[in-house]
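Numbering (the working numbering), first residue to last: 1 to 398.
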């Protein structure tokens, strides 16, 4: 019992150290180290389940605010649903680690491949659809700017942490990994965003799209915000995800004069909207569109499960293509992350292969602005940008 409680304490401590309120992702190495040394699968389950429970502790409150705020569920029902989802995600994400736990014998040579498989299972789809809090975020701490090489070395560090200390090559492996980490930090230069680019945070709350008046008022406020940002001398202005709601014919009409003006004087607006792709049942993309002097569109590769992505539901966002190229904005190749994608690794695979000039994150957290989740989300996309060696601009709505 004491051993199991110790495992639970380690999992909780790592979550709170690596993620908000902590910011030391190096602590993630303690997870595979403890996992491979624990005596039982029950202790391994407690280690990982408490890590995911502590790291995702805001799920019940988020469900209560989101589904209750949209009047889809009563607030008590939404809170109860959130508790169920909170527990289920911990069970699902802990299970691969439990099933793949190596033996404690020094004769067991399977530690490395078991750590690799478990990490990949919880990071890439299908399980990786909820692959938040991935231990692979240690890669950006150890090997900033090294992209796919850094990701591979980060995986190697997780494997090395799982290896028994008595193995003859464990010390050699750690020596090599530490030396390479020193090289990565020596080479890494934290780049600033381009001059004249700005991400604008808003505090507009939930968007009521039920009638004409709030639709018009929201877009009028967004136009005023964009105009002020451009008047300050900026050439690229970024607004949050889904901030303008569903793009309708009336929305295009309201923005037409602004788009023409921006195009004429070389200004570009990146704004989050929804674009309908089917009316019955309603299917739409959660998208970032580039208007004005630039032109383009990026669709979310993974909308939020249950909240936006509801396969079979009457209304659902649809995932965008994983092979969407970088849009070019003001002559720069830009990687765009839309809200929930900030928490995941796999939608950002291109940043590991092809370095972007800039990473843009757009989020709409009207329901979680005061919760740890919003900080953890920011930490996630900052980790992606750091491993890519690219500056980050992030626009959020509260």
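The C-beta atom is built at its ideal place from N, Cα and C for all residues, glycine as well.
Rounded to whole angstroms, the gap between the alpha carbons of residue 52 and residue 94 is 8 Å.
Between residue 73 and residue 81, the beta carbon gap of about 7 Å places them in contact (Cβ cut-off 8 Å). Inclusion of residue 240 and residue 396 in the CB contact set at 9 Å is warranted, their separation being smaller than that value.
The Cβ atoms of residue 387 and residue 151 lie closer than 9 Å to each other. The Cβ atoms of residue 380 and residue 146 do not sit closer than 9 Å to each other.
Counting every other CB atom within 10 Å of its CB across the protein chains shown gives residue 186 a total below 16, marking it as exposed. Around residue 346, the same chain offers 124 and 128 as residues with beta carbons nearer than 6 Å, after the five sequence neighbours per side are excluded. The continuous stretches of beta strand (DSSP E) do not include residue 84, which lies in the alpha helix (DSSP H) extending over residues 75-99. In the DSSP assignment, residue 221 falls within the unbroken alpha helix (DSSP H) covering 212-231.
Take residue 356, set aside five residues on each side of it, and the residues of its chain with a beta-carbon closer than 7 Å to its own are 326, 333, 334, 335, 388 and 390, in chain order.
If you look at residue 284, you'll find it in the beta strand (DSSP E) that goes 282-292. Restricting attention to alpha helix (DSSP H) runs no shorter than 4 residues, the region 1-47 encloses them at 2-18 and 30-37, ordered along the chain. Straight-line measurement puts the Cα of residue 207 at about 8 Å from the Cα of residue 218. Just measuring C-alpha positions, the residue of 270, 156, 97 and 177 sitting nearest residue 200 is 270. Between the region 40-48 and the region 156-167, the count of Cβ pairs shorter than 8 Å is below three; the stretches do not touch. Put simply, of 117, 59, 194 and 284 the residue whose alpha carbon is nearest the alpha carbon of residue 300 is 284. Rounded to the nearest whole angstrom, the CA to CA distance from residue 97 to residue 115 is 8 Å. Within the DSSP secondary-structure output, residue 189 pairs in no beta bridge.
Listed in chain order, the non-local C-beta contacts of residue 243 below 6 Å within the same chain comprise 272 and 397, local neighbours out to five positions each way being set aside.
For residue 258, the enclosing alpha helix (DSSP H) starts and ends at 249-265. With a cut-off of 8 Å on Cβ pairs, the region 60-67 is in contact with the region 360-372, counting three or more such pairs. Sequence-distant Cβ neighbours of residue 203 in its own chain, meaning closer than 6 Å and more than five residues away, are 398.
In the three-state reduction of the DSSP assignment, residue 305 falls in the strand class.
Considering only 130, 268 and 313, the residue with the shortest C-alpha distance to residue 198 is 268.
Cβ-Cβ separation between residue 25 and residue 141: approximately 4 Å, consistent with a contact (criterion under 8 Å).
Distance from the CA of residue 261 to the CA of residue 227, rounded to the nearest whole angstrom, comes to 10 Å. Per DSSP, residue 349 lies in no beta strand (DSSP E) segment; the continuous alpha helix (DSSP H) that holds it begins and ends at 349-353.
Each residue's CA atom was taken as its position, placing residue 40 and residue 99 some 11 Å apart. By the C-beta density criterion, residue 315 is exposed, having fewer than 16 other C-beta atoms within 10 angstroms. Relative to the Cα of residue 92, the nearest Cα in the group 121, 66 and 109 belongs to 121.
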